[in-house]
Amino acid sequence: MLIYSSNVGYPRIGEKREWKKALESFWNGQIDKDQFTKTMETIRLDSIRKQVEKGIDLIPIGDFSLYDHVLDTAFMFGYIPERFKQIVNPLEQYFAMARGTNGQHALEMTKWFNTNYHYIVPEIGQTKPKLVENRLLQEYKLIKETFHIEAKPVLLGPITFLLLSKQYDRNEWRKHLAHLVPVYVELLKQLGEAGVSFVQMDEPILVQDIDDDIINAFHHVYNVFHRDIPNINIILQTYFASVSHYREVVALPVAGIGLDFVHDDGENMEDINTYGFPKDKILVAGIVDGRNVWKSSLVQKAKLLHHLAGVSEQLVIQPSCSLIHVPVTTKHEHTLPTELASTLSFADEKLDEIRMLTEHMKGNVTIDELIKYDEQTTVYFSKFRQSKQTDDITTVPLNRTSYSERQKAQRAHLQLPLLPTTTIGSFPQTSDVRQARMKWKKGEWKDERYKSFIKKEIEKWIDIQEQLQLDVLVHGEFERTDMVEFFGEKLQGMACTTNGWVQSYGSRCVRPPIIFSDIAYQQPMTIEETVYAQSLTTKPVKGMLTGPVTILNWSFVRNDISRKRVLIQLALAIREEVLQLEKEGIRIIQVDEPALREGLPLKTKKHASYWEDAVIAFRITTSSVKKETQIHTHMCYSQFEHMMHVIDELDADVISIESSRSHGELVSVFETYEYEKGIGLGVYDIHSPRIPTKEELSEQIERALRVLRPEQFWVNPDCGLKTRKEEETIAALQVMVEAAREYRERLLAYGGMKSWK
19 MLIYSSNVGY
29 PRIGEKREWK
39 KALESFWNGQ
49 IDKDQFTKTM
59 ETIRLDSIRK
69 QVEKGIDLIP
79 IGDFSLYDHV
89 LDTAFMFGYI
99 PERFKQIVNP
109 LEQYFAMARG
119 TNGQHALEMT
129 KWFNTNYHYI
139 VPEIGQTKPK
149 LVENRLLQEY
159 KLIKETFHIE
169 AKPVLLGPIT
179 FLLLSKQYDR
189 NEWRKHLAHL
199 VPVYVELLKQ
209 LGEAGVSFVQ
219 MDEPILVQDI
229 DDDIINAFHH
239 VYNVFHRDIP
249 NINIILQTYF
259 ASVSHYREVV
269 ALPVAGIGLD
279 FVHDDGENME
289 DINTYGFPKD
299 KILVAGIVDG
309 RNVWKSSLVQ
319 KAKLLHHLAG
329 VSEQLVIQPS
339 CSLIHVPVTT
349 KHEHTLPTEL
359 ASTLSFADEK
369 LDEIRMLTEH
379 MKGNVTIDEL
389 IKYDEQTTVY
399 FSKFRQSKQT
409 DDITTVPLNR
419 TSYSERQKAQ
429 RAHLQLPLLP
439 TTTIGSFPQT
449 SDVRQARMKW
459 KKGEWKDERY
469 KSFIKKEIEK
479 WIDIQEQLQL
489 DVLVHGEFER
499 TDMVEFFGEK
509 LQGMACTTNG
519 WVQSYGSRCV
529 RPPIIFSDIA
539 YQQPMTIEET
549 VYAQSLTTKP
559 VKGMLTGPVT
569 ILNWSFVRND
579 ISRKRVLIQL
589 ALAIREEVLQ
599 LEKEGIRIIQ
609 VDEPALREGL
619 PLKTKKHASY
629 WEDAVIAFRI
639 TTSSVKKETQ
649 IHTHMCYSQF
659 EHMMHVIDEL
669 DADVISIESS
679 RSHGELVSVF
689 ETYEYEKGIG
699 LGVYDIHSPR
709 IPTKEELSEQ
719 IERALRVLRP
729 EQFWVNPDCG
739 LKTRKEEETI
749 AALQVMVEAA
759 REYRERLLAY
769 GGMKSWK
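Numbering (my numbering), first residue to last: 19 to 775.
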């Protein structure tokens with residue numbers, strides 16, 4: 019039997035975020051292009067070297083990126099929007115598409131399937147694609163020369179690429195596909211001529227509910243590939259769920275089929291048992307969880323592999339998906355409890371698991387060795403299986419008084435103007451803020467000194483907001499490294515890593531907390547800073563909390579406990595903080611749920627139960643407050659068009675949603691969906707350094723007010739301002755406030771709007 023080990027993709031960021039530091043140093047002009055390029059190549063080669071040393075047979079190339087792999091694909095095939103074509107330098111053009119410029123807005127960004135990774139959405143327009151540069155060929159030659167190995171190029175497949183793109187008539191997508199396929203053929207032919215044997219073609223769109231037209235397109239495209247480039251062995255790679263149309267997919271003329279046996283809910287195996295697997299194809303088995311950090315049970319994995327070996331004579335063993343969704347290595351984790359640390363497996367350790375399983379299937383590693391590997395995890399998990407934490411919600415209110423009654427009470431209580439202005443929560447985390455936090459965590463600063471520093475930052479930004487004449491203020495979140503990690507450090511049952519960084523978008527990295535046991539509220543988490551900020555102003559200051567769904571979806575949760583149970587426990591814990599804020603006189607409380615849609619299952623049949631749990635969790639968190647207390651929530655960089663009914667059911671008084679980067683397209687939803695509550699459609703993109711013009715923001719406001727009533731509309735940025743520079747933040751907010759004020763004056767002068775309250 020033929021047995022290989024493989025990897026789907028490796029983290030780009032480096033063991034200590036060297037990738038992020040190089041990117042931001044280059045953007046800030048601290049290093050030049052040559053230094054930047056050299057650093058990035060070093061990081062890329064180090065990742066290959068690791069995989070070689072770990073004995074992986076099929077090592078991916080093309081998974082490394084300077085920003086995002088979908089953007090890379092668009093750039094390689096010449097999908098450059100007209101507004102960026104005047105930029106001559108390719109590297110500047112690439113980053114302009116990702117981040118925007120002072121003159122041009124960036125491409126939209128949204129979630130990569132149901133993960134916390136964000137990809138750049140290509141704009142197709144009327145572009146006729148062409149192969150601008152075969153970077154896979156260049157990388158293949160470099161890796162072959164450096165390491166003397168035959169690497170496996172990785173490429174986002176044409177159908178997934180097109181269906182994830184926008185700015186074209188979806189009814190004409192087959193026409194665009196017809197233009198794109200010959201370009202793929204050209205690229206693959208060049209790889210074949212250079213000696214490439216295997217190519218991993220990622221088509222994760224196959225795990226979604228797709229129609230017959232898409233399946234027919236797959237048959238056409240892969241028949242063309244098979245006909246025109248017969249010397250290339252294409253591995254058709256899927257991940258994140260079970261394959262739809264299993265029999266049609268495994269019949270495609272490719273060398274191998276990559277299936278996820280971790281997140282498929284057993285459905286891929288069920289299809290194999292029912293319909294078999296083609297004898298002439300390689301079964302590429304995603305066995306090790308590429309999206310979670312717990313060690314695998316190698317005994318269970320081995321049992322699964324032995325079963326698969328009975329249905330296929332050619333078996334490739336690999337992670338369930340790219341390892342960009344987990345941290346790089348556990349070797350720098352020295353602060354976690356020893357028992358907990360011993361149960362963790364990051365990217366490097368997962369490759370060790372792949373190697374062990376491969377060697378076991380070859381007869382070189384015994385079952386006793388696998389049992390020994392599993393022992394520590396089994397013992398540790400067993401300590402927490404008998405739960406003592408209650409998650410009883412029978413006495414918790416799930417409904418508030420009617421919105422109209424709340425609205426009347428809140429208007430009288432808050433006395434806000436028409437088109438109130440606010441921000442989403444965070445303000446710039448400068449190097450001074452980060453260094454102060456680091457010194458405090460290292461013990462170089464005592465608690466008193468650190469708290470004094472945070473108070474000064476709060477004072478500074480309350481004063482700035484007052485000068486800007488914002489209507490609803492925030493304390494700035496200077497004490498928080500991250501909106502989820504902060505709560506992970508304070509809730510019982512959660513642990514935070516030292517260096518467990520994962521890429522979220524661009525150079526933005528996060529450290530997802532680890533949920534290892536039952537969640538419980540221990541002590542107030544945000545009260546001190548929020549109450550202090552409120553003491554500095556007569557304007558309302560929002561209490562800023564992260565919601566239970568987002569904490570769940572942005573954490574690593576044990577695989578052997580119910581996610582629903584964890585969600586309810588999180589909701590009960592955050593509810594305690596909501597009530598504490600209200601008790602301390604905070605009149606507006608924002609419970610952010612940017613990841614509400616992120617955890618949505620990829621199969622439609624599973625949507626209803628997910629939404630039900632999410633709505634209940636949010637209502638547990640927020641429904642116990644008085645009618646005068648205004649509940650806000652925030653969501654960003656997801657597709658909201660088909661979930662407005664869920665947003666409505668959350669029953670928040672005000673919701674703010676990302677809108678500017680999608681150029682206000684969300685506005686059209688309200689032409690058919692009648693939303694009654696308060697809403698802020700973000701009027702400018704905070705992920706770009708460019709300062710918007712007043713005309714742009716006025717246009718965004720006007721477009722929204724074509725379908726929304728003035729009395730329900732709020733004016734705010736797309737998201738938090740943590741990643742922006744101070745001068746950018748102040749300048750952009752100044753423009754936003756001026757645009758809102760001018761539009762407010764126009765409304766008040768028209769139609770007797772003075773009586774709107």
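Ideal Cβ positions, reconstructed from N, Cα and C, are used throughout, including at glycine.
{"Check": "Local Cβ density within 10 Å of residue 767, reported as buried at 16 or more and exposed below that", "Outcome": "exposed"}
{"Check": "Those residues which DSSP pairs with residue 128 across a bridge", "Outcome": "137"}
{"Check": "Between the CA atoms of residue 492 and residue 672 - distance to the nearest angstrom", "Outcome": "15 Å"}
{"Check": "Own chain partners of residue 349 with C-beta closer than 7 Å, once the 5 adjacent residues on each side are dropped", "Outcome": "none"}
{"Check": "Start and end residues, alpha helix (DSSP H) containing residue 210", "Outcome": "191-211"}
{"Check": "Bounding residues of the alpha helix (DSSP H) (the contiguous stretch that carries residue 506)", "Outcome": "503-506"}
{"Check": "Closest Cα partner of residue 89 within the set 22, 179, 132, 76", "Outcome": "179"}
{"Check": "Assigned exposure category for residue 764 - 16 Cβ within 10 Å defines buried", "Outcome": "exposed"}
{"Check": "Residue 102, enclosing alpha helix (DSSP H) - first and last residue", "Outcome": "Where residue 102 is concerned, there is no enclosing alpha helix (DSSP H), given that its DSSP letter is neither H nor E."}
{"Check": "Segment contact, 8 Å Cβ cut-off, at least three pairs: the segment 211-228 with the segment 172-191", "Outcome": "yes"}
{"Check": "Ordered list of beta strand (DSSP E) runs contained in the segment 210-238, each at least 3 residues", "Outcome": "216-220"}
{"Check": "Three-state secondary structure (DSSP) of residue 176", "Outcome": "helix"}
{"Check": "Burial state of residue 483, where buried means 16 or more other Cβ atoms lie within 10 Å", "Outcome": "buried"}
{"Check": "Closest Cα partner of residue 285 within the set 264, 332, 210", "Outcome": "264"}
{"Check": "contact_flag[the segment 531-544, the segment 503-512] where n(CB pairs < 8 Å) is 3 or more", "Outcome": "yes"}
{"Check": "Inter-residue Cα distance where the pair is residue 709 and residue 744", "Outcome": "12 Å"}
{"Check": "Contact check, residue 670 vs residue 699, beta carbons under 7 Å", "Outcome": "no"}
{"Check": "Span separating the alpha-carbon of residue 28 from that of residue 618", "Outcome": "25 Å"}
{"Check": "Per-residue burial, residue 449 [other beta carbons within 10 Å of its own, 16 or more giving buried]", "Outcome": "exposed"}
{"Check": "Residue 447 CB to nearest heavy atom of the ligand GTP below 6 Å", "Outcome": "As presented, the structure is devoid of all ligands, the ligand GTP included, so that no description of it is given."}
{"Check": "Buried or exposed by the 16-neighbour rule on C-beta atoms within 10 Å, applied to residue 136", "Outcome": "buried"}
{"Check": "Spatial neighbours of residue 776 in its chain, beta-carbon cut-off 8 Å, leaving aside the 5 residues before and after", "Outcome": "Look at the range of the chain in this structure, 19 to 775, and you will see that residue 776 is not part of it."}
{"Check": "Three CB pairs or more closer than 8 Å across the segment 360-372 and the segment 326-338", "Outcome": "yes"}
{"Check": "For residue 251, the three-state DSSP class (helix, strand or coil)", "Outcome": "strand"}
{"Check": "Collapsed DSSP secondary structure at residue 113 in the structure displayed", "Outcome": "helix"}
{"Check": "Contacting residues, own chain, Cβ-Cβ under 7 Å from residue 326 (five flanking each side not counted)", "Outcome": "301, 303, 333"}
{"Check": "Contact under 7 Å by Cβ, residue 635 with residue 589", "Outcome": "yes"}
{"Check": "Continuous alpha helix (DSSP H) assignments of at least 4 residues falling wholly in the segment 687-751", "Outcome": "712-723"}
{"Check": "Where residue 578 falls, given that 16 or more other Cβ within 10 Å makes a residue buried", "Outcome": "exposed"}
{"Check": "Contact between the segment 604-619 and the segment 562-580 (3+ Cβ pairs under 8 Å)", "Outcome": "yes"}
{"Check": "Residues near residue 608 in its chain [Cβ-Cβ closer than 6 Å; skip 5 each side]", "Outcome": "560, 562, 650"}
{"Check": "Buried versus exposed, by CB contacts within 10 Å (16 or more), residue 757", "Outcome": "buried"}
{"Check": "Assigned secondary structure, residue 653 (DSSP; H/G/I helix, E/B strand, else coil)", "Outcome": "strand"}
{"Check": "As assigned by DSSP and simplified to three states, the class of residue 415", "Outcome": "coil"}
{"Check": "Beta-bridge partners of residue 523, as assigned by DSSP", "Outcome": "526"}
{"Check": "Reduced DSSP secondary structure (H/G/I, E/B, other) of residue 269", "Outcome": "coil"}
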